Amino acid sequence: MAAMNFSLPPDLVQYLKDLDNFIQTKITPLQNKNDNNRFFDHRREHARTDWDNNGLPRPEWEELLAESKQLADEAGFYRLSLPKEYGGQNSSDGRGSNLWMAVIREHLAAKGLGLFNDLQTEHSMVGNFPDVIMVENFGTPAQKKELIGGRLQGKVRITFGLTEPNHGSDATHMETRARPEKRDGVDGWLINGFKKWQTGMHNATHCFIFARTEGKDGSVKGISCFIAPRQDPGIKAESYQWTLNMPTDHATVSIKNVWVSSTSVLGPIHNGLAVAQAFVHENRIRQAASSLGAAVFCIKSSVEYANERAPFGVPLAHNQAIQFPLVELATQAEMLRLLIRKTALEMDSMPHAEIEKKLGDKVSMCNYWANRLCCEAADRAIQVHGGNGYSRHFPFEHIWRHHRRYRITEGSEEIQMRKVAAYLFGFGGRKSLGDAKL
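Residue numbers (UniProt numbering): 1 to 438.
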(Lines of atoms letter the chains of each structure in order from A and count residues from 1; the text may use other names and numbers.)
(Lines give C-alpha, C1' and ligand atoms only; values in the text may rest on other atoms or scores of the structure.)
Protein backbone atom coordinates (compact mmCIF):
# COMPACT_ATOMS: atom_id res chain seq x y z
CA MET A 1 0.00 0.00 0.00
CA ALA A 2 1.34 3.41 -0.95
CA ALA A 3 1.98 5.75 2.00
CA MET A 4 0.65 9.30 2.11
CA ASN A 5 3.47 11.83 1.98
CA PHE A 6 3.01 15.01 3.97
CA SER A 7 6.59 16.22 3.45
CA LEU A 8 7.28 19.45 1.60
CA PRO A 9 9.10 19.18 -1.74
CA PRO A 10 12.88 19.52 -1.22
CA ASP A 11 13.11 22.46 -3.63
CA LEU A 12 10.45 24.31 -1.63
CA VAL A 13 12.35 23.66 1.60
CA GLN A 14 15.48 25.05 -0.03
CA TYR A 15 13.54 28.05 -1.34
CA LEU A 16 12.43 28.89 2.22
CA LYS A 17 16.05 28.74 3.38
CA ASP A 18 17.16 31.01 0.54
CA LEU A 19 14.31 33.40 1.31
CA ASP A 20 15.25 33.53 5.00
CA ASN A 21 18.86 34.23 4.09
CA PHE A 22 17.80 37.06 1.76
CA ILE A 23 15.65 38.59 4.49
CA GLN A 24 18.47 38.36 7.02
CA THR A 25 21.11 39.88 4.75
CA LYS A 26 19.08 42.49 2.84
CA ILE A 27 15.72 43.30 4.41
CA THR A 28 16.49 43.24 8.13
CA PRO A 29 19.40 45.69 7.71
CA LEU A 30 17.08 48.00 5.75
CA GLN A 31 14.49 47.81 8.53
CA ASN A 32 17.15 48.68 11.10
CA LYS A 33 18.41 51.63 9.05
CA ASN A 34 17.43 55.28 9.64
CA ASP A 35 14.99 54.43 12.43
CA ASN A 36 12.82 52.46 10.01
CA ASN A 37 11.86 50.31 12.97
CA ARG A 38 9.45 53.08 13.93
CA PHE A 39 7.11 51.55 11.36
CA PHE A 40 7.06 48.25 13.27
CA ASP A 41 7.57 48.96 16.98
CA HIS A 42 5.13 50.67 19.37
CA ARG A 43 5.18 53.80 17.16
CA ARG A 44 3.97 51.91 14.08
CA GLU A 45 0.45 53.29 13.69
CA HIS A 46 1.52 56.91 14.10
CA ALA A 47 4.65 56.46 11.97
CA ARG A 48 2.63 54.99 9.11
CA THR A 49 -0.33 57.40 9.24
CA ASP A 50 -0.58 60.96 7.98
CA TRP A 51 -3.36 62.02 10.33
CA ASP A 52 -3.65 65.46 8.74
CA ASN A 53 -4.06 64.06 5.22
CA ASN A 54 -7.22 61.96 5.46
CA GLY A 55 -5.41 59.32 7.49
CA LEU A 56 -3.54 58.14 4.39
CA PRO A 57 -0.19 56.32 4.49
CA ARG A 58 2.80 58.60 4.94
CA PRO A 59 4.94 58.81 1.76
CA GLU A 60 8.09 57.68 3.59
CA TRP A 61 6.28 54.50 4.69
CA GLU A 62 5.23 53.64 1.15
CA GLU A 63 8.71 54.50 -0.15
CA LEU A 64 10.23 52.00 2.29
CA LEU A 65 7.82 49.28 1.15
CA ALA A 66 8.68 50.01 -2.48
CA GLU A 67 12.42 49.87 -1.75
CA SER A 68 12.14 46.47 -0.10
CA LYS A 69 10.02 45.09 -2.97
CA GLN A 70 12.63 46.30 -5.42
CA LEU A 71 15.30 44.38 -3.51
CA ALA A 72 13.10 41.26 -3.54
CA ASP A 73 12.50 41.65 -7.27
CA GLU A 74 16.20 42.02 -8.01
CA ALA A 75 16.91 38.91 -5.95
CA GLY A 76 14.30 36.89 -7.89
CA PHE A 77 11.78 36.35 -5.09
CA TYR A 78 9.06 38.91 -5.70
CA ARG A 79 7.55 37.52 -8.92
CA LEU A 80 7.65 33.84 -7.96
CA SER A 81 3.98 33.11 -8.66
CA LEU A 82 3.83 34.87 -12.04
CA PRO A 83 4.22 33.13 -15.41
CA LYS A 84 7.73 33.11 -16.82
CA GLU A 85 6.87 35.63 -19.54
CA TYR A 86 6.42 38.20 -16.76
CA GLY A 87 9.65 37.34 -15.02
CA GLY A 88 8.07 34.79 -12.69
CA GLN A 89 8.84 31.16 -11.93
CA ASN A 90 5.39 29.56 -12.07
CA SER A 91 5.89 26.25 -13.84
CA SER A 92 4.66 22.69 -14.16
CA ASP A 93 7.20 21.49 -11.58
CA GLY A 94 5.23 23.23 -8.84
CA ARG A 95 7.22 26.41 -8.33
CA GLY A 96 4.90 29.33 -7.72
CA SER A 97 1.90 27.01 -7.34
CA ASN A 98 -0.90 27.41 -4.82
CA LEU A 99 0.84 24.93 -2.53
CA TRP A 100 4.11 26.83 -2.71
CA MET A 101 2.41 30.16 -2.07
CA ALA A 102 0.41 28.79 0.86
CA VAL A 103 3.52 27.39 2.52
CA ILE A 104 5.50 30.58 1.90
CA ARG A 105 2.70 32.82 3.18
CA GLU A 106 2.40 30.86 6.41
CA HIS A 107 6.19 30.76 6.81
CA LEU A 108 6.55 34.53 6.52
CA ALA A 109 3.55 35.43 8.69
CA ALA A 110 4.79 33.09 11.42
CA LYS A 111 7.86 35.32 11.77
CA GLY A 112 5.76 38.17 13.16
CA LEU A 113 5.87 41.84 12.16
CA GLY A 114 8.58 43.04 9.82
CA LEU A 115 9.45 44.69 6.56
CA PHE A 116 9.71 41.26 4.93
CA ASN A 117 5.95 40.66 5.16
CA ASP A 118 3.55 43.40 6.25
CA LEU A 119 0.06 41.94 6.10
CA GLN A 120 -1.67 45.26 6.77
CA THR A 121 -0.58 46.51 3.34
CA GLU A 122 -0.64 43.12 1.57
CA HIS A 123 3.12 43.62 1.23
CA SER A 124 5.49 40.68 0.98
CA MET A 125 8.86 39.71 -0.40
CA VAL A 126 6.96 37.11 -2.41
CA GLY A 127 4.26 39.08 -4.17
CA ASN A 128 0.60 38.42 -4.76
CA PHE A 129 -0.73 39.69 -8.09
CA PRO A 130 -4.53 39.44 -8.36
CA ASP A 131 -4.69 42.36 -10.80
CA VAL A 132 -2.08 40.80 -13.08
CA ILE A 133 -3.98 37.51 -13.14
CA MET A 134 -7.22 39.30 -14.01
CA VAL A 135 -5.64 41.08 -16.96
CA GLU A 136 -3.73 37.98 -18.05
CA ASN A 137 -6.95 35.93 -18.13
CA PHE A 138 -9.28 38.54 -19.61
CA GLY A 139 -7.26 41.35 -21.15
CA THR A 140 -6.62 42.12 -24.80
CA PRO A 141 -3.00 42.17 -26.01
CA ALA A 142 -2.99 45.97 -25.77
CA GLN A 143 -4.39 45.89 -22.22
CA LYS A 144 -1.82 43.30 -21.16
CA LYS A 145 1.02 45.37 -22.55
CA GLU A 146 -0.11 48.56 -20.84
CA LEU A 147 -1.35 47.23 -17.52
CA ILE A 148 0.82 44.21 -16.76
CA GLY A 149 3.98 45.75 -18.14
CA GLY A 150 3.32 49.00 -16.31
CA ARG A 151 2.36 47.24 -13.09
CA LEU A 152 5.60 45.30 -12.93
CA GLN A 153 7.60 48.44 -13.68
CA GLY A 154 5.85 50.30 -10.89
CA LYS A 155 4.20 52.74 -13.29
CA VAL A 156 0.66 51.32 -13.11
CA ARG A 157 -1.35 50.98 -9.89
CA ILE A 158 -4.85 49.54 -10.15
CA THR A 159 -7.77 49.98 -7.76
CA PHE A 160 -10.76 47.66 -7.73
CA GLY A 161 -14.30 49.10 -7.67
CA LEU A 162 -16.91 46.44 -6.92
CA THR A 163 -18.33 47.23 -3.46
CA GLU A 164 -20.72 50.17 -3.13
CA PRO A 165 -22.07 52.25 -0.23
CA ASN A 166 -25.30 50.23 -0.21
CA HIS A 167 -24.05 46.90 -1.57
CA GLY A 168 -21.27 44.62 -0.38
CA SER A 169 -21.88 40.88 -0.45
CA ASP A 170 -24.90 41.47 -2.71
CA ALA A 171 -22.75 42.72 -5.59
CA THR A 172 -25.33 41.75 -8.21
CA HIS A 173 -27.57 44.50 -6.84
CA MET A 174 -25.00 47.24 -7.53
CA GLU A 175 -26.43 50.62 -8.46
CA THR A 176 -23.57 51.81 -10.70
CA ARG A 177 -24.74 51.86 -14.30
CA ALA A 178 -23.07 52.08 -17.70
CA ARG A 179 -24.91 52.74 -20.97
CA PRO A 180 -23.62 52.76 -24.56
CA GLU A 181 -22.64 56.16 -25.90
CA LYS A 182 -20.75 57.03 -29.06
CA ARG A 183 -18.42 60.04 -29.04
CA ASP A 184 -16.72 61.42 -32.14
CA GLY A 185 -17.60 58.23 -33.96
CA VAL A 186 -16.05 56.02 -31.28
CA ASP A 187 -18.18 53.42 -29.51
CA GLY A 188 -18.03 53.62 -25.76
CA TRP A 189 -19.81 53.59 -22.41
CA LEU A 190 -20.95 56.31 -20.02
CA ILE A 191 -20.62 55.29 -16.36
CA ASN A 192 -22.36 56.77 -13.32
CA GLY A 193 -22.48 55.57 -9.73
CA PHE A 194 -20.60 55.22 -6.46
CA LYS A 195 -18.07 52.79 -5.03
CA LYS A 196 -16.77 52.21 -1.52
CA TRP A 197 -13.71 50.60 0.02
CA GLN A 198 -11.64 51.21 -3.12
CA THR A 199 -8.22 50.30 -1.77
CA GLY A 200 -5.20 52.22 -3.05
CA MET A 201 -7.24 55.05 -4.53
CA HIS A 202 -4.80 57.69 -3.29
CA ASN A 203 -2.04 56.64 -5.67
CA ALA A 204 -3.91 54.65 -8.36
CA THR A 205 -3.37 55.25 -12.06
CA HIS A 206 -6.27 53.06 -13.23
CA CYS A 207 -9.64 52.01 -11.81
CA PHE A 208 -11.41 48.75 -12.53
CA ILE A 209 -15.07 49.82 -12.30
CA PHE A 210 -17.85 47.25 -12.27
CA ALA A 211 -21.23 48.47 -13.51
CA ARG A 212 -24.50 46.97 -14.61
CA THR A 213 -24.86 47.18 -18.38
CA GLU A 214 -28.03 45.13 -18.83
CA GLY A 215 -30.47 42.94 -16.94
CA LYS A 216 -32.25 43.23 -13.63
CA ASP A 217 -30.87 43.75 -10.15
CA GLY A 218 -29.77 40.44 -8.70
CA SER A 219 -28.89 38.92 -12.06
CA VAL A 220 -25.37 37.56 -12.38
CA LYS A 221 -25.37 38.33 -16.09
CA GLY A 222 -25.36 41.95 -17.12
CA ILE A 223 -22.40 43.32 -15.12
CA SER A 224 -19.31 44.53 -16.95
CA CYS A 225 -15.81 45.60 -15.92
CA PHE A 226 -14.39 48.87 -17.28
CA ILE A 227 -10.86 50.24 -17.14
CA ALA A 228 -10.95 53.97 -16.41
CA PRO A 229 -8.04 56.36 -15.92
CA ARG A 230 -7.86 57.60 -12.34
CA GLN A 231 -7.26 61.18 -13.50
CA ASP A 232 -10.66 61.35 -15.22
CA PRO A 233 -12.36 64.44 -13.73
CA GLY A 234 -15.54 62.43 -13.19
CA ILE A 235 -13.80 60.11 -10.72
CA LYS A 236 -13.54 61.65 -7.27
CA ALA A 237 -12.47 60.23 -3.93
CA GLU A 238 -15.17 61.72 -1.75
CA SER A 239 -13.68 60.44 1.51
CA TYR A 240 -11.39 57.85 3.04
CA GLN A 241 -12.81 55.46 5.63
CA TRP A 242 -10.85 55.53 8.88
CA THR A 243 -10.54 51.97 10.10
CA LEU A 244 -9.72 49.85 13.15
CA ASN A 245 -6.11 49.61 11.94
CA MET A 246 -4.67 52.79 10.45
CA PRO A 247 -3.50 54.15 8.05
CA THR A 248 -6.31 53.87 5.53
CA ASP A 249 -6.32 53.89 1.76
CA HIS A 250 -9.96 52.79 1.42
CA ALA A 251 -11.93 55.41 -0.50
CA THR A 252 -15.56 56.17 -1.14
CA VAL A 253 -15.64 57.18 -4.80
CA SER A 254 -18.17 59.04 -6.93
CA ILE A 255 -18.32 58.30 -10.67
CA LYS A 256 -20.06 61.01 -12.66
CA ASN A 257 -20.36 60.88 -16.45
CA VAL A 258 -17.14 58.94 -16.93
CA TRP A 259 -16.84 57.94 -20.58
CA VAL A 260 -14.56 55.14 -21.76
CA SER A 261 -14.19 53.60 -25.19
CA SER A 262 -15.27 50.05 -25.91
CA THR A 263 -11.61 49.05 -25.94
CA SER A 264 -11.59 49.76 -22.20
CA VAL A 265 -13.90 46.85 -21.38
CA LEU A 266 -12.01 44.13 -19.48
CA GLY A 267 -13.33 40.68 -20.31
CA PRO A 268 -16.65 39.84 -21.95
CA ILE A 269 -19.29 42.54 -21.92
CA HIS A 270 -22.19 41.75 -19.56
CA ASN A 271 -20.11 38.99 -17.93
CA GLY A 272 -17.73 41.04 -15.81
CA LEU A 273 -18.27 39.14 -12.57
CA ALA A 274 -16.04 36.43 -14.04
CA VAL A 275 -13.24 39.00 -13.90
CA ALA A 276 -13.94 39.71 -10.23
CA GLN A 277 -13.86 36.00 -9.45
CA ALA A 278 -10.74 35.25 -11.50
CA PHE A 279 -8.45 35.13 -8.49
CA VAL A 280 -10.84 34.69 -5.59
CA HIS A 281 -9.92 31.11 -4.67
CA GLU A 282 -6.18 31.64 -5.01
CA ASN A 283 -6.40 34.79 -2.93
CA ARG A 284 -8.49 33.16 -0.21
CA ILE A 285 -6.24 30.14 0.20
CA ARG A 286 -3.18 32.38 0.44
CA GLN A 287 -4.94 34.68 2.88
CA ALA A 288 -5.88 31.64 4.96
CA ALA A 289 -2.24 30.60 5.06
CA SER A 290 -1.18 34.10 6.16
CA SER A 291 -3.75 34.13 8.96
CA LEU A 292 -2.60 30.67 10.03
CA GLY A 293 1.00 31.91 10.14
CA ALA A 294 0.05 34.92 12.25
CA ALA A 295 -1.90 32.64 14.59
CA VAL A 296 1.12 30.35 14.95
CA PHE A 297 3.26 33.39 15.81
CA CYS A 298 0.81 34.38 18.57
CA ILE A 299 0.66 30.84 19.94
CA LYS A 300 4.44 30.32 19.99
CA SER A 301 5.05 33.75 21.50
CA SER A 302 2.55 32.98 24.25
CA VAL A 303 4.16 29.63 25.03
CA GLU A 304 7.59 31.24 25.29
CA TYR A 305 6.28 34.01 27.53
CA ALA A 306 4.42 31.55 29.75
CA ASN A 307 7.62 29.55 30.24
CA GLU A 308 9.62 32.66 31.13
CA ARG A 309 7.14 34.66 33.23
CA ALA A 310 7.07 33.41 36.81
CA PRO A 311 4.64 35.23 39.10
CA PHE A 312 4.91 34.06 42.71
CA GLY A 313 8.05 32.18 41.65
CA VAL A 314 6.17 29.71 39.43
CA PRO A 315 6.14 29.89 35.60
CA LEU A 316 2.77 30.76 34.09
CA ALA A 317 3.10 27.62 31.97
CA HIS A 318 2.47 25.48 35.06
CA ASN A 319 -1.11 26.71 35.22
CA GLN A 320 -3.70 24.71 33.30
CA ALA A 321 -5.70 27.91 32.77
CA ILE A 322 -2.77 29.04 30.62
CA GLN A 323 -2.04 25.65 29.07
CA PHE A 324 -5.45 24.51 27.89
CA PRO A 325 -6.49 27.49 25.72
CA LEU A 326 -3.10 27.38 23.99
CA VAL A 327 -3.39 23.61 23.56
CA GLU A 328 -6.71 24.07 21.78
CA LEU A 329 -5.33 26.80 19.54
CA ALA A 330 -2.22 24.75 18.68
CA THR A 331 -4.41 21.74 17.87
CA GLN A 332 -6.62 23.80 15.56
CA ALA A 333 -3.56 25.29 13.85
CA GLU A 334 -2.14 21.83 13.11
CA MET A 335 -5.42 20.60 11.63
CA LEU A 336 -5.95 23.78 9.63
CA ARG A 337 -2.48 23.57 8.13
CA LEU A 338 -3.24 20.14 6.71
CA LEU A 339 -6.55 21.30 5.22
CA ILE A 340 -4.96 24.40 3.66
CA ARG A 341 -2.11 22.46 2.06
CA LYS A 342 -4.35 19.62 0.91
CA THR A 343 -6.76 22.13 -0.68
CA ALA A 344 -3.94 24.10 -2.29
CA LEU A 345 -2.45 20.92 -3.74
CA GLU A 346 -5.80 19.83 -5.13
CA MET A 347 -6.29 23.29 -6.66
CA ASP A 348 -3.00 22.81 -8.49
CA SER A 349 -4.21 19.49 -9.90
CA MET A 350 -7.21 20.83 -11.84
CA PRO A 351 -8.13 23.56 -14.33
CA HIS A 352 -9.02 26.88 -12.76
CA ALA A 353 -12.61 26.65 -14.01
CA GLU A 354 -13.23 23.49 -11.97
CA ILE A 355 -12.06 24.82 -8.60
CA GLU A 356 -15.34 26.50 -7.65
CA LYS A 357 -17.39 23.36 -8.34
CA LYS A 358 -15.03 20.85 -6.76
CA LEU A 359 -13.25 22.79 -4.03
CA GLY A 360 -15.18 25.98 -3.37
CA ASP A 361 -16.38 24.70 0.00
CA LYS A 362 -12.89 23.67 1.12
CA VAL A 363 -11.43 27.05 0.18
CA SER A 364 -14.15 28.76 2.20
CA MET A 365 -13.56 26.43 5.15
CA CYS A 366 -9.86 27.29 5.14
CA ASN A 367 -10.41 31.01 4.85
CA TYR A 368 -13.14 31.69 7.37
CA TRP A 369 -11.64 29.41 9.98
CA ALA A 370 -8.08 30.73 9.57
CA ASN A 371 -9.18 34.33 9.97
CA ARG A 372 -11.22 33.51 13.05
CA LEU A 373 -8.41 31.41 14.50
CA CYS A 374 -5.94 34.24 14.07
CA CYS A 375 -8.19 36.66 15.95
CA GLU A 376 -8.66 34.14 18.74
CA ALA A 377 -4.91 33.45 18.93
CA ALA A 378 -4.08 37.17 19.06
CA ASP A 379 -6.69 37.74 21.76
CA ARG A 380 -5.31 34.83 23.78
CA ALA A 381 -1.77 36.18 23.37
CA ILE A 382 -2.92 39.52 24.77
CA GLN A 383 -4.45 37.70 27.75
CA VAL A 384 -1.41 35.52 28.41
CA HIS A 385 0.93 38.52 28.23
CA GLY A 386 -1.31 40.51 30.57
CA GLY A 387 -0.61 44.23 30.70
CA ASN A 388 2.31 43.75 28.32
CA GLY A 389 0.00 42.16 25.78
CA TYR A 390 -2.35 45.11 25.96
CA SER A 391 0.47 47.54 25.21
CA ARG A 392 1.63 48.48 21.74
CA HIS A 393 5.14 47.42 22.66
CA PHE A 394 3.98 43.92 21.77
CA PRO A 395 2.51 43.14 18.33
CA PHE A 396 -0.63 41.27 19.30
CA GLU A 397 -3.05 44.20 19.33
CA HIS A 398 -1.87 45.12 15.84
CA ILE A 399 -2.35 41.55 14.61
CA TRP A 400 -5.83 41.38 16.10
CA ARG A 401 -6.90 44.73 14.68
CA HIS A 402 -5.69 43.85 11.20
CA HIS A 403 -6.91 40.27 10.95
CA ARG A 404 -10.30 41.19 12.37
CA ARG A 405 -10.79 42.82 8.97
CA TYR A 406 -10.46 39.55 7.09
CA ARG A 407 -13.48 38.08 8.82
CA ILE A 408 -15.39 40.63 6.71
CA THR A 409 -13.41 41.59 3.63
CA GLU A 410 -12.32 38.25 2.20
CA GLY A 411 -15.96 37.38 1.82
CA SER A 412 -17.55 37.63 5.26
CA GLU A 413 -17.35 34.46 7.28
CA GLU A 414 -21.15 34.25 7.20
CA ILE A 415 -21.12 34.26 3.39
CA GLN A 416 -18.38 31.65 3.35
CA MET A 417 -20.19 29.46 5.86
CA ARG A 418 -23.29 29.80 3.74
CA LYS A 419 -21.28 28.52 0.78
CA VAL A 420 -20.05 25.54 2.78
CA ALA A 421 -23.64 24.83 3.82
CA ALA A 422 -24.73 24.87 0.17
CA TYR A 423 -22.21 22.13 -0.61
CA LEU A 424 -22.87 20.23 2.60
CA PHE A 425 -26.65 20.09 2.24
CA GLY A 426 -26.68 19.77 -1.53
CA PHE A 427 -28.03 23.24 -2.32
CA GLY A 428 -25.07 23.82 -4.64
CA GLY A 429 -25.60 20.66 -6.67
CA ARG A 430 -23.39 18.28 -4.72
CA LYS A 431 -22.72 17.37 -1.13
CA SER A 432 -19.32 18.01 0.40
CA LEU A 433 -19.40 14.69 2.24
CA GLY A 434 -19.89 12.62 -0.88
CA ASP A 435 -20.98 13.00 -4.48
CA ALA A 436 -24.74 12.91 -3.97
CA LYS A 437 -26.70 15.09 -6.42
CA LEU A 438 -29.91 16.96 -5.79
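Here a beta-carbon is modelled for each residue, glycine too, at the ideal position from N, C-alpha and C. Every value quoted in this text rests on a predicted model; they were computed, and no experiment measured them.
- In the DSSP assignment, GLU238 falls within the unbroken beta strand (DSSP E) covering 235-240.
- If you check the CB distance, GLN198 and THR159 come in under 8 Å.
- When ILE209, GLU45, SER391 and PRO9 are compared, the shortest CA-CA separation from MET174 is found for ILE209.
- PRO268 carries a coil assignment under DSSP once its states are collapsed to helix, strand and coil.
- The criterion of a C-beta distance shorter than 8 Å is satisfied by PRO57 and PRO247.
- The DSSP-derived three-state label of GLY389 is helix.
- Between the alpha carbons of SER264 and THR176 lies a distance of about 17 Å.
- DSSP, reduced to helix, strand and coil, places THR199 within a strand of the structure shown.
- The three-state reading of DSSP puts PRO247 in coil, since its state is none of H, G, I, E or B.
- The criterion of a C-beta distance shorter than 8 Å is not satisfied by CYS298 and ALA370.
- For SER68, the uninterrupted alpha helix (DSSP H) segment begins and ends at 59-74.
- Less than 8 Å divides the Cβ of VAL253 from the Cβ of ILE235.
- The C-beta separation of LYS195 from ILE255 comes to about 7 Å, placing the pair in contact by the 8 Å criterion.
- DSSP, reduced to helix, strand and coil, places LYS358 within a helical segment of the structure shown.
- Burial state of PHE226 is buried, judged by a 10 Å Cβ sphere holding 16 or more other Cβ atoms.
- Of the other Cβ atoms in all chains shown, fewer than 16 fall within 10 Å of the Cβ of VAL220; this residue is therefore exposed.
- Here HIS42 is not near ASN245, since their CB atoms are 8 Å or more apart.
- By the 16-neighbour rule on beta-carbons within 10 angstroms, ASN98 is buried.
- With 16 or more other Cβ atoms from the protein chains shown falling within 10 Å of its own Cβ, GLU136 counts as buried.
- Annotated three-state conformation of SER7 is coil, per DSSP.
- With 16 or more neighbouring CB atoms inside 10 Å of its own CB, GLY188 falls in the buried class.
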